[in-house]
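Engineer: Quick one: this structure, given as structure tokens, is what I'll be asking you about.
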Amino acid sequence: DAGVIQSPRHEVTEMGQEVTLRCKPISGHNSLFWYRQTMMRGLELLIYFNNNVPIDDSGMPEDRFSAKMPNASFSTLKIQPSEPRDSAVYFCATHPGQGGNTEAFFGQGTRLTVV
Amino acid sequence: AQSVTQLGSHVSVSEGALVLLRCNYSSSVPPYLFWYVQYPNQGLQLLLKYTTGATLVKGINGFEAEFKKSETSFHLTKPSAHMSDAAEYFCAVINTGGFKTIFGAGTRLFVKA
Chain B
207 DAGVIQSPRH EVTEMGQEVT LRCKPISGHN SLFWYRQTMM RGLELLIYFN
257 NNVPIDDSGM PEDRFSAKMP NASFSTLKIQ PSEPRDSAVY FCATHPGQGG
307 NTEAFFGQGT RLTVV
Chain H
164 AQSVTQLGSH VSVSEGALVL LRCNYSSSVP PYLFWYVQYP NQGLQLLLKY
214 TTGATLVKGI NGFEAEFKKS ETSFHLTKPS AHMSDAAEYF CAVINTGGFK
264 TIFGAGTRLF VKA
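Protein chains in written order, with my numbering: chain B, 207 to 321; chain H, 164 to 276.
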């Protein structure tokens, strides 16, 4: 398996523009997590899904952020409109799901810069 | 509720010296415990994990950690630091049977020549 695949790896956009980050989970993994990492706040859990259903989105900072998982092989994190303070590295991670005594697997991240 | 506390946001050691990164957790049920490492501009990768069985677990790159239930700790050690060990290290916990990973704040390890 190629692991968790995130795209794009880098994104530079202007303030006010819509940004969409993409994640392809490991096949068979039922749980998917979106994290944001900044120097100031460290690693923050934004939202997670189990069996394509959002379970907890309490970490989503504002209504400008939204996430979807239309099927088991794809998820998106959208920011609309984007602001400079959204600049961060966004990670997607997946896990086999409940009952799995194993770790979460991380993608390489998307480095977002909003200017 | 589960939580993870990593003591020291920055640790600096000399090359060849012992590395000790501290992690304490709280969990109402037996946990699964993990250490992840993050090198610059990369994602998190698993260093080692404890699920069941032997409480001393060995990972990649010469690291090991010991699960001590009485102390609710899972400290990470390496006998001799190498320059390539410079990275950020995250301790994490999952409840047995669960899937949501709770991460500590991370410890950045610096290795001096």
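From the three backbone atoms N, C-alpha and C, an ideal C-beta is built for every residue, glycine too.
1. So is Ile133 (chain H) buried or exposed if we call it buried at 16+ other beta carbons inside 10 Å?
2. Does any C-beta atom of chain B lie closer than 8 Å to the C-beta of Thr168 (chain H)?
3. Taking C-alpha atoms, which residue in H:Val256, H:Ser189, H:Ser247 and H:Ser191 lies nearest to Lys212 (chain H)?
4. Quick check: is the beta carbon of Tyr254 (chain B) nearer than 8 Å to any beta carbon in chain H?
5. If Thr319 (chain B) and Val218 (chain B) are in contact, beta carbons under 8 Å, what's the gap, nearest whole angstrom?
6. Determine the DSSP secondary structure at Asp277 (chain H), reduced to helix, strand or coil.
7. Can you name the residues that DSSP bridges to Lys212 (chain H)?
8. Note down the Cα distance separating Lys231 (chain H) from Leu170 (chain H), rounded to an integer number of angstroms.
9. If we ignore side chains and look at the alpha-carbon of each, how far apart do Gln314 (chain B) and Ala278 (chain B) end up?
10. In three-state terms, what does DSSP make of Pro276 (chain B)?
11. Do you know whose CA, among B:Phe239, B:Glu224, B:Asp269 and B:Phe271, lies nearest Asn257 (chain B)'s CA?
12. So the beta strand (DSSP E) Gly248 (chain B) belongs to, where does it begin and stop?
Structural biologist: Result, derived from the coordinates:
1. With chain H covering 164 to 276 only, the question about residue 133 (chain H) has no answer from this structure.
2. Proximity of Thr168 (chain H) to chain B, defined by a Cβ-Cβ separation below 8 Å, is not satisfied.
3. The shortest Cα separation from Lys212 (chain H) among H:Val256, H:Ser189, H:Ser247 and H:Ser191 belongs to H:Val256.
4. Residue contact with chain H for Tyr254 (chain B): present (Cβ-Cβ distance below 8 Å to some residue of chain H).
5. A Cβ-Cβ distance of about 5 Å is found for the pair Thr319 (chain B) and Val218 (chain B), placing them in contact under the 8 Å criterion.
6. Residue 277 (chain H) lies beyond the stretch modelled for chain H, which goes from 164 to 276, so this question has no answer here.
7. Partner(s): H:Phe197.
8. In this structure, the CA atom of Lys231 (chain H) is about 16 Å from the CA atom of Leu170 (chain H).
9. If you draw a straight line from the Cα of Gln314 (chain B) to the Cα of Ala278 (chain B), it comes to about 19 Å.
10. The answer is strand: DSSP assigns Pro276 (chain B) an E or B state.
11. Out of B:Phe239, B:Glu224, B:Asp269 and B:Phe271, B:Phe239 has the C-alpha closest to the C-alpha of Asn257 (chain B).
12. It spans Gly248 to Asn256 - the beta strand (DSSP E) in which Gly248 (chain B) sits, taken as one unbroken run.
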